[in-house]
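Enquirer:
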Amino acid sequence: MAWSLAWSLLLGALSGFLLLLILLPIAGLLFTASPRDLLRGLADPMVGPAVRLTLGTTLGSLALVIGCGTPLAWVLVHRRGRGWRIIETVVQLPVVLPPAVAGVALLLAFGRRGLLGPALGALGIGLPFTRAAVILAETFVAAPFYLQAAIAAFRRLAPELVLVARTLGASPPRVFFTVALPISKSALAGGAAMSWARALGEFGATLMFAGNLSGRTQTLPLAIYTALESDLRTAQSLSIVLVAVAFALLVAMRVGTRT
Amino acid sequence: MSASTLEVELRGDVGGLTVDLALSAEAGPTVIVGPNGAGKTSLLMMILGALAPTGGRVAVDGMVVFDRARGLDLPVEQRGIGFLPQRDTLFPHLDVLENVAYGIAEVPRAERDRRALAALRELGAEALAARRTDGLSGGEAQRVALARALAPAPRALLLDEPLAALDVGLRREVRSFLAAHLRRLAIPTLVVTHDRADAEAFDAEIVVMERGAIAQRGRLADLAARPATDFVREFLDRG
């Protein structure tokens, strides 16, 4: 009896501690300012451009991630050999890379003195500190979340179904579009939501590779960082916007994967 | 109808097993039996075009679909060979009618549905047309899968242990249904099984495969009269 009480207390204390650690900051965000403060914060001139830029760039990166990530996942699932398994591991790397490292890496790839720098320069293209750089940074950090979900979904697809579809006269592209995609769609949508959420919150790589130029490369997280120096309420208002969007994505994902 | 045969001559290496055999099947069912790892499924995959043989030739209904010497290797979707795997057979995102209509290509929607319905009717499964696939019993699912395989009018049909995933009671029902329908088909039909009861029900020629080659072939009575290998003796003793 004493054991079971001690056990319950231990479980309660440990889970309660972590729960508090997660919930308290969110409560702090939501409840330490009056609605009027928040509205005033949202009226700050840097809010509008940051919201528009964030929506535009994250949707751009989402399109890249889905448009190129779906075929890549399909290829990775259907190719055998060690080389492909290594590639599969490498594309997951951005998940564990510190954002600052991602920023340096992007500069060394696409920057003026990076791997593609001279080639891009010859074409008159300078990527760093542009909107395109924001999209690239968001894609770099967000793509693995979608890829992981897509690879898992395509692996779950029974090979018999693919073979049967082909014996029924379907070419590989038709199998992909009429069997693989529809069967995997809720898992793909879940991956896309995770990937979008990650892009929305992207900060470090964007700061280093695209800078923090208001109206041009200043996304919501960067605007929060900038606002923090002058007006805590603006930072708080923007944070609440991001929390609301992230929460909506989380709920949508849960609902989406259930059906 | 005289050309309705399946001519197979194949050599290939699959996971350490060397397949090397020649097989000719007339219209109607031919049963393939053999121990696990004998290469039965590999043989079906090579005929379908899902596994690459290292040599040989496959002709269906007079049309060559694979000929190593001539460098001819038609992709799966152009071979016109129907296939029924043992499980995971129906597309879960389509209803029964859409499943059966999947292989009927390049005709208007109404005509497709009409033909799919006719294929279901042929197998006594017309009433299932509007059903979702996840509510079907194992037996109903196999009927629908067979209707779907036959709907595009294939030149040959391959069944890989079509009863193995069913429980015993259902197996008997589906077996007699399959036997009745496969006998009526005017196309060569290979049925892989490891069950003697299947071989009996289909009342067909039996091809015994062992270690990638044909060990014996004949009717059940021929096999019983002169069993060529230990496996054949064991197979005949079963059930």
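In the order they appear, the protein sequences are chains A and B.
Taking the working numbering, the leading residue of the first sequence gets 3, the next gets one more, and so forth.
Taking the working numbering, the leading residue of the second sequence gets 2, the next gets one more, and so forth.
Every residue gets a Cβ at the ideal spot worked out from N, C-alpha and C, and that includes glycine.
What you are looking at is a predicted structure, and each value in this text was computed from that prediction instead of being measured.
Could you tell me whether the stretch 156 to 173 of chain B touches the stretch 83 to 101 of chain B, where touching means 3 or more Cβ pairs closer than 8 Å?
Expert: yes
Enquirer: Does B/V77 have its Cβ less than 7 Å from a Cβ in chain A?
Expert: Locating residue 77 of chain B in the second sequence gives position 76, counting from the first residue. Yes, its Cβ sits closer than 7 Å to a Cβ of chain A.
Enquirer: Let me see if you follow: with CB-CB separation under 7 Å, is A/P184 close to chain D or not?
Expert: The chain inventory of the structure shown lacks chain D, comprising the protein chains A and B.
Enquirer: Could you give the DSSP three-state label for A/P51: helix, strand or coil?
Expert: Along the first sequence, read from residue 1 onward, the residue named residue 51 of chain A stands at position 49. In the structure shown, A/P51 sits in a helix (DSSP, three-state: H, G or I).
Enquirer: Which word fits A/W9, buried or exposed, when buried means at least 16 other C-beta atoms lie within 10 angstroms of its C-beta?
Expert: If you number the first sequence from 1, residue 9 of chain A lands on position 7. When all chains shown are included, A/W9 counts as exposed.
Enquirer: So, B/V193 versus B/I33, is the Cβ gap smaller than 7 Å?
Expert: Residue 193 of chain B sits at position 192 when you count from the first residue of the second sequence. Residue 33 of chain B sits at position 32 when you count from the first residue of the second sequence. Cβ atoms of B/V193 and B/I33: closer than 7 Å.
Enquirer: Going along the chain, which residues of its own chain have a beta-carbon closer than 8 Å to the beta-carbon of B/D168, five neighbours each way excluded?
Expert: Locating residue 168 of chain B in the second sequence gives position 167, where the first residue counts as 1. Cβ neighbours of B/D168 beyond the five flanking positions: G139.
Enquirer: Use the C-beta contact count for B/L73: other C-beta atoms within 10 angstroms, 16 or more gives buried, fewer gives exposed.
Expert: One-based indexing of the second sequence puts residue 73 of chain B at position 72. Its Cβ having fewer than 16 others within 10 Å, B/L73 is exposed.
Enquirer: For A/Q150, report the span of its beta strand (DSSP E) as first-last.
Expert: Here residue 150 of chain A is taken as the residue at index 148 of the first sequence, counted from 1. Unbroken run through A/Q150 is the alpha helix (DSSP H), R133 to R158; no beta strand (DSSP E).
Enquirer: Contact criterion: CB-CB distance below 7 Å. Does B/F84 meet it with respect to chain A?
Expert: On the second sequence, residue 84 of chain B is found 83 positions in, with the first residue counted as 1. Answer yes: the Cβ-Cβ gap between B/F84 and chain A drops below 7 Å somewhere.
Enquirer: Determine which residues of the stretch 84 to 101 of chain B have a Cβ less than 9 Å from any Cβ of chain A, and write them out in chain order.
Expert: F84, L85, P86, Q87, R88, D89, T90, L91, F92, P93, H94 and L95
Enquirer: Within a Cβ cutoff of 6 Å, which residues of the same chain sit near A/A135, ignoring the five residues on either side of it in sequence?
Expert: Counting from one through the first sequence, the residue named residue 135 of chain A turns up at place 133. Closer than 6 Å at Cβ, skipping near neighbours: L129, F211 and A212.
Enquirer: Counting along the chain, where does the alpha helix (DSSP H) carrying A/V103 start and finish?
Expert: Counting from 1 along the first sequence, the entry for residue 103 of chain A is found at position 101. Its alpha helix (DSSP H) spans residues P101 to F112.
Enquirer: Does the stretch 138 to 155 of chain A come within contact of the stretch 189 to 204 of chain A, defined as at least 3 CB pairs closer than 8 Å?
Expert: Contact between the stretch 138 to 155 of chain A and the stretch 189 to 204 of chain A is present, because at least three Cβ pairs lie under 8 Å.
Enquirer: Tell me, which residues are paired with B/M210 by DSSP?
Expert: Start at 1 with the first residue of the second sequence, and residue 210 of chain B comes out as number 209. Paired residues: B/I215.
Enquirer: Is B/P153 close to chain A, meaning its C-beta is less than 7 Å from at least one C-beta of that chain?
Expert: As a first step, residue 153 of chain B must be located in the second sequence, where it is residue number 152. It does; some Cβ of chain A falls within 7 Å.
Enquirer: So which of B/A226, B/R122, B/A222 and B/L44 has the shortest CA-CA distance to B/I215?
Expert: On the second sequence, residue 215 of chain B is found 214 positions in, with the first residue counted as 1. Distances from the alpha-carbon of B/I215 to those of B/A226, B/R122, B/A222 and B/L44 put B/L44 closest.
Enquirer: Give me the Cα-Cα distance between A/R168 and B/A187, rounded to the nearest whole angstrom.
Expert: On the first sequence, position 166 is the one that residue 168 of chain A refers to. On the second sequence, position 186 is the one that residue 187 of chain B refers to. Spanning the two alpha carbons is a distance of roughly 22 Å.
Enquirer: Do B/T31 and B/A205 count as a contact pair if the criterion is CB distance below 7 Å?
Expert: Counting from 1 along the second sequence, the entry for residue 205 of chain B is found at position 204. Counting from 1 along the second sequence, the entry for residue 31 of chain B is found at position 30. Contact: yes.
Enquirer: Which full runs of the beta strand (DSSP E) of 3+ residues lie inside the stretch 22 to 65 of chain B, going along the chain?
Expert: 29 to 34 and 56 to 61
Enquirer: Please list the residues of the stretch 37 to 56 of chain B that have a C-beta atom closer than 7 Å to any C-beta atom in chain A, keeping them in chain order.
Expert: L49 and A51
Enquirer: Quick check on DSSP: helix, strand or coil for A/A35?
Expert: As a working mapping, residue 35 of chain A is identified with position 33 in the first sequence. The answer is coil: DSSP assigns A/A35 none of H, G, I, E or B.
Enquirer: Over the uninterrupted beta strand (DSSP E) stretch that includes A/A191, give me the two end residues.
Expert: Working through the first sequence from its first residue, we reach residue 191 of chain A at position 189. Looking at the DSSP string, A/A191 is not in any beta strand (DSSP E); the run it does join, the alpha helix (DSSP H), is L183 to L202.
Enquirer: For B/A225 and B/L237, which I take to be in contact (beta-carbon distance under 8 Å), what is that distance rounded to the nearest angstrom?
Expert: Looking up residue 225 of chain B in the second sequence gives position 224. Looking up residue 237 of chain B in the second sequence gives position 236. Yes, B/A225 and B/L237 are in contact; Cβ-Cβ is about 6 Å, under 8 Å.
Enquirer: At a Cβ cut of 9 Å, what residues of the stretch 166 to 181 of chain A count as close to chain B, listed as they run along the chain?
Expert: V166, A167, R168, T169, L170, G171, A172, S173, P174, R176, V177, T180 and V181
Enquirer: Are the stretch 56 to 75 of chain A and the stretch 140 to 149 of chain A touching, with three or more C-beta to C-beta distances below 8 Å?
Expert: yes
Enquirer: Could you have a look at B/A157 and say whether DSSP puts it in helix, strand or coil?
Expert: The sequence position of residue 157 of chain B within the second sequence is 156, counting from 1. Reduced to three states, the DSSP call for B/A157 is strand.
Enquirer: Among B/L52, B/T55 and B/I82, which has the Cα closest to the Cα of B/V65?
Expert: Counting from 1 along the second sequence, the entry for residue 65 of chain B is found at position 64. Ranking the options by Cα distance to B/V65, first place goes to B/I82.
Enquirer: Do B/G219 and B/G40 have their C-beta atoms closer together than 7 Å?
Expert: If you number the second sequence from 1, residue 219 of chain B lands on position 218. If you number the second sequence from 1, residue 40 of chain B lands on position 39. Cβ atoms of B/G219 and B/G40: not closer than 7 Å.
Enquirer: Just confirm the distance between the C-beta atoms of B/P189 and B/A148, as a whole number of angstroms; I'd bet it's less than 8 Å.
Expert: Residue 189 of chain B sits at position 188 when you count from the first residue of the second sequence. Residue 148 of chain B sits at position 147 when you count from the first residue of the second sequence. At roughly 19 Å, the Cβ-Cβ gap does not stay under 8 Å, so B/P189 and B/A148 are not in contact.
Enquirer: Do you know offhand how far B/E141's Cα is from B/A126's?
Expert: The residue you call residue 141 of chain B lines up with position 140 of the second sequence. The residue you call residue 126 of chain B lines up with position 125 of the second sequence. Their backbone Cα atoms lie some 8 Å apart in a straight line.
Enquirer: Once you ignore the five residues that flank A/G119 on each side, which residues in its own chain have a CB closer than 8 Å to its CB?
Expert: Taking the first residue of the first sequence as position 1, residue 119 of chain A is located at position 117. Excluding residues within five positions, the ones whose Cβ falls inside 8 Å are F112 and G113.
Enquirer: For B/A106, would you say it is in contact with chain A, using Cβ-to-Cβ distances shorter than 7 Å as the test?
Expert: Residue numbering aside, residue 106 of chain B sits at position 105 when the second sequence is read from its first letter. At least one chain A Cβ lies under 7 Å of B/A106.
Enquirer: If you measure from the beta carbon of A/A160 to each beta carbon in chain B, is any gap under 7 Å?
Expert: Start at 1 with the first residue of the first sequence, and residue 160 of chain A comes out as number 158. Yes, its Cβ sits closer than 7 Å to a Cβ of chain B.
Enquirer: Flag A/L190 as yes if its beta-carbon sits less than 7 Å from any beta-carbon of chain B, otherwise no.
Expert: Locating residue 190 of chain A in the first sequence gives position 188, counting from the first residue. By this cut-off, A/L190 is not an interface position.
Enquirer: Closer than 7 Å by beta-carbon distance: list the chain B residues that pair up with A/L163, in chain order.
Expert: In the first sequence, counting from the first residue as 1, residue 163 of chain A sits at position 161. Within chain B, the residues whose beta carbon sits less than 7 Å from that of A/L163 are D89 and F92, listed in sequence order.
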